[in-house]
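Enquirer: If you scroll down you'll find the structure; I have some questions about it.
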Amino acid sequence: MKKITTLIILALSLSSCVSNRVFNDLESRYAGLKDNYNRQTKSIENLNAEIKDLTEKFVHLETTLEATQDRLNQKQQNMEKLESSLDLLKQNSESALKERIAENETLLEKIADRENELVDRMARVDELEGLIAEQQQAMRNLKEKISDALLNFEDKGLTVEARDGKVYVSMENKLLFRSGSWRVESEGQKAISSLASVLADNPDIAVLIEGHTDNVPYVGKGELKGNWDLSTKRATAIVNQLLENPDILPQNLTAAGRGEYLPIAPNSTREGRTANRRIEVVLSPQLDEIKQILNTVD
-15 MKKITTLIIL
-5 ALSLSSCVSN
5 RVFNDLESRY
15 AGLKDNYNRQ
25 TKSIENLNAE
35 IKDLTEKFVH
45 LETTLEATQD
55 RLNQKQQNME
65 KLESSLDLLK
75 QNSESALKER
85 IAENETLLEK
95 IADRENELVD
105 RMARVDELEG
115 LIAEQQQAMR
125 NLKEKISDAL
135 LNFEDKGLTV
145 EARDGKVYVS
155 MENKLLFRSG
165 SWRVESEGQK
175 AISSLASVLA
185 DNPDIAVLIE
195 GHTDNVPYVG
205 KGELKGNWDL
215 STKRATAIVN
225 QLLENPDILP
235 QNLTAAGRGE
245 YLPIAPNSTR
255 EGRTANRRIE
265 VVLSPQLDEI
275 KQILNTVD
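Counting from -15, one number per residue, gives the positions in the sequence shown under this note's numbering.
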């Protein structure tokens, strides 16, 4: 701009001394320079506008970049938190999984132990069932042997019956004792001796001898104190009679007096009272082995 002004001044100062041709040439050059100046000015204005626009865009982009960077940082933090949570979850999952595996292994061991126990228990149950079956068969065989041994006395008030896994030998007092007495008569001694022979061959049988009376009060004199006392003495007399066989084990015998309190017939008739006056020999299998197995099954 300073150069142009200088040229104008110079042109004006020399206008009086230069020719028209030179003046025109200078004026033409001036016009060209001015036009160029205007174009340059316009270009500068356009450039300035572009610079301003670019500056605004840059500022916007910079702002956007900062916001994006903030979001990226936030996401990065969230990602780190998620990774930390994931690591913790993995650790917890692995720990929980190990605990669950340990629990399952313990449970499987318990199941295996229980299965073994069940197998053992089933074996003991089978053993128990076999033993019970053997004893039941043994009691049936015993009943048959006793029936055969006492066959001659069945029409004299003696019966043999099997029920509830036991054998019951019932003998009316008329076969064994005189009224009011507890001494075993000769016919009764024969029956008891025959019974003893069978019992001697079965040492695993528990023998309960029960004495029974009718409900007629005992009115005799002497050492008896009543029907209960009489029933007890009669049961004891049968025990002593059985023990005359040396093969009978005393520990297998039990004497019990029942008196009039377990009648099998009405006491209101003569026949009923006769049936109630009796000795009952109850034969039972020894249960020690069964009880031992039951204790292991429980």
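We put the CB at the ideal spot given by N, CA and C, even for glycine.
Being a predicted model, the structure only gives us computed values, none of them experimental.
Could you pull out every residue in the same chain whose Cβ sits closer than 6 angstroms to the Cβ of residue 268, ignoring the five residues on either side in sequence?
Expert: Result list for residue 268: 150, 190, in chain order.
Enquirer: Within the stretch 181 to 260, note down every full beta strand (DSSP E) run reaching 3 residues or more, in order along the chain.
Expert: Taking only runs of at least 3 residues, the beta strand (DSSP E) segments lying wholly in the stretch 181 to 260 are 189 to 196, 237 to 243.
Enquirer: Give me, in chain order, the residues of the same chain whose beta-carbon lies closer than 7 angstroms to that of residue 273; leave out the 5 immediate sequence neighbours on both sides.
Expert: Its pLDDT being 49, under 50, residue 273 is placed unreliably by the model, and nothing is read from it.
Enquirer: Using only the alpha-carbon positions, how far apart do residue 136 and residue 200 sit?
Expert: Residue 136 and residue 200: Cα-Cα distance of roughly 30 angstroms.
Enquirer: Compute the Euclidean distance between the alpha carbons of residue 186 and residue 251, then round it to the nearest angstrom.
Expert: C-alpha separation (whole angstroms): 36 angstroms.
Enquirer: Specify the secondary structure class of residue 126 as computed by DSSP and reduced to three states.
Expert: Correct three-state label for residue 126: helix.
Enquirer: If I follow the unbroken beta strand (DSSP E) through residue 150, where does it start and stop?
Expert: Taken as a continuous stretch (DSSP letters only), the beta strand (DSSP E) holding residue 150 covers 150 to 156.
Enquirer: Since residue 197 and residue 177 are thought to touch, with beta carbons under 8 angstroms apart, how far apart are those beta carbons, to the nearest angstrom?
Expert: Not a contact, Cβ separation roughly 24 angstroms.
Enquirer: Measure the Cβ-Cβ separation of residue 160 and residue 263 and say whether it is below 8 angstroms.
Expert: In contact: residue 160 and residue 263 (Cβ atoms closer than 8 angstroms).
Enquirer: Less than 8 angstroms between the CB atoms is what I'm expecting for residue 146 and residue 127, so what's the real figure, rounded?
Expert: Contact holds; Cβ gap of about 4 angstroms.
Enquirer: Check whether the stretch 216 to 233 and the stretch 88 to 103 are in contact - that is, three or more C-beta pairs closer than 8 angstroms.
Expert: The stretch 216 to 233 is not in contact with the stretch 88 to 103.
Enquirer: Do residue 133 and residue 193 have their CB atoms nearer than 8 angstroms?
Expert: It is not a contact, given that the beta carbons lie outside the stated cut-off.
Enquirer: Please confirm whether residue 195 and residue 219 have their CB atoms less than 8 angstroms apart.
Expert: Taking 8 angstroms as the Cβ cut-off, residue 195 and residue 219 qualify as a contacting pair.
Enquirer: Within 10 angstroms of the Cβ of residue 259, are there 16 or more other Cβ atoms? Answer buried if so, exposed if not.
Expert: Buried: at least 16 other Cβ atoms inside 10 Å.
Enquirer: Going straight from the alpha carbon of residue 122 to that of residue 255, what length do you get?
Expert: The alpha-carbon atoms of residue 122 and residue 255 are separated by roughly 34 angstroms.
Enquirer: Mark residue 183 as exposed unless 16 or more other C-beta atoms lie within 10 angstroms of its C-beta, in which case mark it buried.
Expert: Under this definition residue 183 is a buried residue.
Enquirer: Would residue 101 be called buried (16 or more neighbouring beta carbons within 10 Å of its own) or exposed?
Expert: It is exposed - the Cβ of residue 101 has fewer than 16 other Cβ atoms within 10 Å.
Enquirer: What are the residues that DSSP puts in a beta bridge with residue 142?
Expert: Paired residue(s): 155.
Enquirer: If we cut at 8 angstroms on Cβ distances, does residue 187 have a partner in chain C?
Expert: Considering every chain present, this structure includes no chain C. It has just one protein chain.
Enquirer: Between which two residues does the beta strand (DSSP E) containing residue 3 stretch?
Expert: Here residue 3 belongs to no beta strand (DSSP E), and DSSP marks it neither H nor E.
Enquirer: Determine the closest residue to residue 212 out of 225, 241, 221, with distance taken between C-alpha atoms.
Expert: Here the closest residue by C-alpha is 241.
Enquirer: Does the distance from the C-beta atom of residue 156 to that of residue 257 stay below 8 angstroms?
Expert: No, they are not a contact pair.
Enquirer: I need the straight-line Cα distance from residue 22 to residue 16, nearest angstrom please.
Expert: Taking the straight line joining both Cα atoms gives about 10 angstroms.
Enquirer: Please determine, among 117, 144, 104, the residue with the shortest C-alpha to C-alpha distance to residue 129.
Expert: It is 144 whose Cα lies nearest to the Cα of residue 129.
Enquirer: Starting from residue 262, follow the beta strand (DSSP E) in both directions and report where the run begins and ends.
Expert: Element bounds for residue 262: 262 to 269.
Enquirer: Quick one: Cα of residue 270 to Cα of residue 80, how far?
Expert: Distance between the alpha carbons of residue 270 and residue 80: 57 angstroms.
Enquirer: Would you say residue 204 and residue 164 are within 8 angstroms of each other, going by their C-beta atoms?
Expert: Result yes, Cβ atoms of residue 204 and residue 164 sit closer than 8 angstroms.
Enquirer: Out of 167, 66, 138, point me to the one whose CA is closest to residue 224's CA.
Expert: Of the candidates 167, 66, 138, the one whose C-alpha sits nearest the C-alpha of residue 224 is 167.
Enquirer: Using a Cβ-Cβ cut-off of 6 angstroms (strictly less than) and excluding sequence neighbours within five positions of residue 4, which residues of its own chain qualify?
Expert: Closer than 6 angstroms at Cβ, skipping near neighbours: no residue.
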